[in-house]
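S.K.: Following this message is one structure expressed as structure tokens.
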Amino acid sequence: MLERSRLATIGKKVFSRWLGARRYPQNGLELACLLKRLDIQDERVLAAIADVPRDQFVSEDLQWLAWHNEPLPIGCGQTISQPFIVAYMSQMLELEESQNVLEIGTGSGYQTAVLSQLCRHVSTIERYPDLYRMAVARFAQLGLENISAKIGDGYEGWPENAPYDRIIITAAAPEVPKELIGQLKMGGRMLLPLGERPVDQFLTLFERTESGQGMKTLLPVRFVPMVKGKVL
Ligand code: SAH
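Each residue of the sequence shown is one higher than the one before, counting from 0 in numbering that gives the first Met the number 0.
Set out below in structure tokens:
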């Protein structure tokens, strides 16, 4: 028979593994359930979170953390956003299946993949060639065909594919980029983190209307900066 103390040690090990497994989501469905508890209500967004394999958007050594509700490093000093933020931004865009979307800041391509499930077409721009290459390889691997990606400066937008029903920026800009306002349809919305410094950035919803422009501040956030110009 096993000694009491040895039994206790085994018990503790089994319990902590069980607790670890229960505390953090282990797959897309569990992540979607967590986000629902955090008040993400849009069922299409939750379904996209459940379906898109976030573990394919990070390096192999970080895959065990991929379903946690945390940002993670993706190389080039950039990060894949926290799943809650990806879901919240997707929800606030109020996307319809027929819509044409522009995304600035492809990064890992995870947000792009989520958006691709919710609209007709996503055009996405990234300034780091390495991140762009990894993201397009993932889109091909997953068979996501309604995405166009390019290397470029997001401040210039992508006029050839405009006008857009929605624009989403996943890097923080000091002000709403003028060039992008011109590529947004009348009645369209743009969602972006606004603010110069990481400590006072706010997720902001910008609307282009016949009578002018509307701005609504949503949440304090922390994004990497939107940097002008190309990476050489
Ligand atoms: N949405 C991404 C997270 C991106 S982090 C994801 O799901 O993984 C922000 C990204 O914006 C970085 O990859 C950064 O290189 C990019 N970025 C910053 N300024 C940019 C600009 N002017 N044009 C295009 N991309 C830009």
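For every residue, glycine included, the Cβ atom is placed at its ideal position computed from N, Cα and C.
No experiment lies behind these values; they were computed from the predicted model shown.
Report the three-state DSSP secondary structure of Gly186 (helix, strand or coil).
M.R.: For the purposes of this step, residue 186 is taken as residue 187 along the sequence shown, with counting starting at 1. If DSSP states are grouped into helix, strand and coil, Gly186 belongs with the strands.
S.K.: Assuming Met268 is part of the beta strand (DSSP E), what are its boundary residues?
M.R.: The first residue shown for the chain is 0 and the last is 231, placing residue 268 beyond what the model contains.
S.K.: Compute the minimum distance between the beta carbon of Cys118 and the heavy atoms of the ligand SAH, and state whether it is under 7 Å.
M.R.: Here residue 118 corresponds to residue number 119 of the sequence shown, with the count starting at 1. No, Cβ of Cys118 sits at least 7 Å from all heavy atoms of the ligand SAH.
S.K.: To which residues of the same chain is Ile39 closer than 7 Å at the C-beta, ignoring the five residues directly before and after it?
M.R.: Working through the sequence shown from its first residue, we reach residue 39 at position 40. Around Ile39: Leu45, Ala86, Tyr87 and Gln90.
S.K.: Check whether the Cβ atoms of Ser58 and Pro70 lie closer than 8 Å to each other.
M.R.: Within the sequence shown, numbered from 1, the residue matching residue 58 stands at position 59. Within the sequence shown, numbered from 1, the residue matching residue 70 stands at position 71. Contact: no.
S.K.: Answer with buried or exposed for Arg196, where buried requires no fewer than 16 other C-beta atoms within 10 angstroms of its C-beta.
M.R.: For the purposes of this step, residue 196 is identified with residue 197 of the sequence shown, where counting begins at 1. It is exposed - the Cβ of Arg196 has fewer than 16 other Cβ atoms within 10 Å.
S.K.: According to DSSP, is Asn160 helix, strand or coil?
M.R.: Position 161 of the sequence shown, counting from 1, holds the residue named residue 160. Helix, per DSSP.
S.K.: With DSSP collapsed to three states, give me the class of Ser122.
M.R.: Here the question's residue 122 lines up with position 123 in the sequence shown. Of the three classes helix, strand and coil, the one that applies to Ser122 here is strand, per DSSP.
S.K.: Let me check understanding here. Comparing Cα to Cα, which of Arg43, Gly27, Gly181 and Ile124 lies closest to Tyr163?
M.R.: Within the sequence shown, the letter at position 164 stands for residue 163. The shortest C-alpha separation from Tyr163 is found at Gly181.
S.K.: Using C-beta distances below 8 Å, list every residue in its chain close to Glu95, excluding the 5 sequence neighbours before and after it, in chain order.
M.R.: Translated into positions along the sequence shown, residue 95 becomes position 96. Cβ neighbours of Glu95 beyond the five flanking positions: Cys118 and Asp164.
S.K.: Only counting the same chain, and skipping five residues up and downstream in sequence, which positions put a Cβ closer than 6 Å to that of Glu206?
M.R.: Numbered from its first residue, the sequence shown carries residue 206 at position 207. Closer than 6 Å at the Cβ level, and outside the excluded window around Glu206, lie Arg188 and Gly213.
S.K.: With distances taken from CA atoms, which of Pro219, Thr123 and Leu204 is nearest Asn160?
M.R.: For the purposes of this step, residue 160 is identified with residue 161 of the sequence shown, where counting begins at 1. Of the candidates Pro219, Thr123 and Leu204, the one whose C-alpha sits nearest the C-alpha of Asn160 is Thr123.
S.K.: Can you tell me the Cα-Cα spacing of Gly76 and Phe138, whole angstroms?
M.R.: As a position in the sequence shown, residue 76 is number 77, starting the count at 1. As a position in the sequence shown, residue 138 is number 139, starting the count at 1. Looking at the two C-alpha atoms, the distance is approximately 22 Å.
S.K.: Does DSSP classify Leu37 as helix, strand or coil?
M.R.: Start at 1 with the first residue of the sequence shown, and residue 37 comes out as number 38. Of the three classes helix, strand and coil, the one that applies to Leu37 here is coil, per DSSP.
S.K.: Quick one: what does DSSP say Val230 is sitting in, helix, strand or coil?
M.R.: Here residue 230 refers to the residue found at position 231 when the sequence shown is read from its first residue. The answer is coil: DSSP assigns Val230 none of H, G, I, E or B.
S.K.: Please return the same chain residues whose Cβ sits closer than 7 Å to the Cβ of Leu92, not counting the five positions on each side in sequence.
M.R.: Mapped onto the sequence shown, residue 92 falls at position 93. Hits under 7 Å: Arg165, Ile167, Arg188 and Leu190.
S.K.: Is any heavy atom in the ligand SAH found nearer than 7 Å to the beta carbon of Thr216?
M.R.: Translated into positions along the sequence shown, residue 216 becomes position 217. No, Cβ of Thr216 sits at least 7 Å from all heavy atoms of the ligand SAH.
S.K.: Checking 8 Å against the spacing of the C-beta atoms, do Met225 and Gly153 come in under that value?
M.R.: As a first step, residue 225 must be located in the sequence shown, where it is residue number 226. As a first step, residue 153 must be located in the sequence shown, where it is residue number 154. Cβ distance < 8 Å, so Met225 and Gly153 count as in contact.
S.K.: Assuming Ala136 and Ala148 are in contact, meaning their beta carbons sit under 8 Å apart, how far apart are those beta carbons, in whole angstroms?
M.R.: One-based indexing of the sequence shown puts residue 136 at position 137. One-based indexing of the sequence shown puts residue 148 at position 149. Ala136 to Ala148, Cβ: 10 Å. No contact.
S.K.: What does a CB cutoff of less than 7 Å around Glu209 pick up in its chain, not counting 5 residues either side in sequence?
M.R.: Position 210 of the sequence shown holds residue 209. Excluding residues within five positions, the ones whose Cβ falls inside 7 Å are Met185.
S.K.: Rounded to the nearest angstrom, how far is the Cβ of Phe201 from that of Pro219, given a contact under 8 Å?
M.R.: By 1-based counting over the sequence shown, the position of residue 201 is 202. By 1-based counting over the sequence shown, the position of residue 219 is 220. Confirmed, about 6 Å.
S.K.: From Ala49 to Leu64, what does the alpha carbon distance come to, in whole angstroms?
M.R.: Taking the sequence shown and counting its residues from 1, one reaches residue 49 at position 50. Taking the sequence shown and counting its residues from 1, one reaches residue 64 at position 65. Taking the straight line joining both Cα atoms gives about 16 Å.
S.K.: Buried or exposed: Met192, going by 16 or more other Cβ atoms within 10 Å of its Cβ?
M.R.: Working through the sequence shown from its first residue, we reach residue 192 at position 193. It is worth fixing the name first, because residue 192 is Pro in this sequence and not Met. Classification for Pro192: buried.
S.K.: So what does DSSP say about Val57, is it helix, strand or coil?
M.R.: For the purposes of this step, residue 57 is taken as residue 58 along the sequence shown, with counting starting at 1. Residue state, collapsed to three classes: coil.
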